[in-house]
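Residue numbers (my numbering): 8 to 260. Heads up, the beta-carbon is just placed ideally off N, CA and C, and yes, glycines get one too. For reference, the structure is listed below as structure tokens.
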Amino acid sequence: MTQAKIIVAGAAGRMGQAIFNAAREDGVTIVGGVERAGHRAVGSAFGDGEITDRLEKFAGGGVLVDFTAPSAALAHARAWAGAPMVIGTTGFSESEEAEIARIAKAAPVVKSGNFSLGVNLLAALAKKAAAALGPGYDIEIVEAHHRAKADAPSGTALMLGQAAADGRGVSFAGNMRLDRTGVRDVDAIGMAVIRGGGVIGDHEVMFAGASEVVTLSHRALDRGLFARGAIAAARWVAARPPGLYAMADVLGL
């Protein structure tokens, strides 16, 4: 796999630190990190460089790995100007997603709601199960995360919902249900959200039939799981042509 140099956006955050540790373990060069202006970590040593509030300082220096917030990640993608990028930030609006897709026409971008091998395998299985079981099985997705997670449903839950919708051959946007009253729609894909404590990430896809219930699930036990996946994505995307890729592409699923 290609040797990569990375710049970490959100360097002082939980995922930024996990990526730092995973990169060191994997022998990946950490060029430096980025944080918002005024952050107390700005100026601190980070890998071979430091944490700065000026992304342009690292222009052309490697693969940008971004786990921040939608507005920050979008600004970073605009500024990175054709260079490779890994985006693990979630919670983008429809228009923001469209802009990232446009940016990816000139740069190789891996964007995923989850960088875990297990979760991406879960999505592939959910798609197959939805196709095989058919409309006689109602689809429900339950996700749980720590109390500080801002977006809901999680990017992973949305990814699983899209996979199930693709398998069923229906529109996810038109059938996703966050709030529900009355009788269940035939093609509805329900999303239930739990926020509490320090839960790293639990996801369950339920296919409920009249006589049986089929459940597919995944539990993250350590944040390093996602960081290691992001490092693998950075190595992979460094040598790719422009385009918007998913973690499933990296894993060959």
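Considering just the uninterrupted stretch of the beta strand (DSSP E) at residue i, what are its terminal residues?
i, result
"Gly39", "36-41"
"Ala16", "12-16"
What residue range is occupied by the uninterrupted alpha helix (DSSP H) comprising residue i?
i, result
"Thr163", "162-175"
"Leu260", "Counting along the chain, Leu260 falls outside any alpha helix (DSSP H), and DSSP gives it neither H nor E."
"Glu32", "21-33"
"Ala241", "231-244"
"Leu132", "124-140"
Buried or exposed: residue i, going by 16 or more other Cβ atoms within 10 Å of its Cβ?
i, result
"Ser178", "exposed"
"Lys112", "exposed"
"Gln169", "buried"
"Ala217", "exposed"
"Ser119", "buried"
"Ala29", "buried"
"Glu147", "buried"
"Asp5", "Residue 5 lies beyond the range of the chain shown here (8 to 260); nothing can be said about it."
"Pro142", "exposed"
"Asp73", "buried"
"His153", "exposed"
"Ser123", "buried"
"Val190", "exposed"
"Arg47", "exposed"
"Glu150", "buried"
"Leu228", "exposed"
"Ala105", "exposed"
Run through the DSSP bridge pairs and tell me what residue i is partnered with.
i, result
"Arg202", "His152"
"Leu251", "Val116"
"His210", "Glu150, His225"
"Leu71", "Ile14, Met92"
"Glu57", "Ala52"
"Asp194", "Answer is none; Asp194 lacks a bridge partner."
"Arg184", "Gly197"
"Ala215", "Asp145, Val220"
Which same chain residues, not among the five before or five after residue i, have their C-beta less than 7 Å away from its C-beta?
i, result
"Ala239", "Val257"
"Gly56", "Val38, Gly39"
"Val200", "Glu150, Ala159, Pro160"
"Ser224", "His210, Glu211"
Within the same chain, show all residues whose beta-carbon is closer than 8 Å to that of residue i, passing over the 5 residues directly before and after it, in chain order.
i, result
"Val220", "Met213, Phe214"
"Gly67", "Ala90"
"Asp173", "Lys134, Ala137, Phe179"
"Pro248", "Pro115"
"Ile94", "Asp73, Ala80, Ala84, Ile107, Val116, Val117, Lys118, Ser119"
Who are the Cβ neighbours of residue i in its own chain at under 6 Å, not counting the five residues just before and after it?
i, result
"Gln162", "Per the sequence presented here, residue 162 reads as Gly, with Gln not at that position. So the list reads Thr97, Gly120, once near-sequence residues are dropped."
"Ala139", "none"
"Asp194", "Val177, Asn182"
"Ala255", "Asn127"
"Arg175", "Ala137"
| said: Going residue by residue through the segment 79-113, where are the continuous beta strand (DSSP E) segments of at least 3 residues, counting only ones entirely within it? | reply: 92-94
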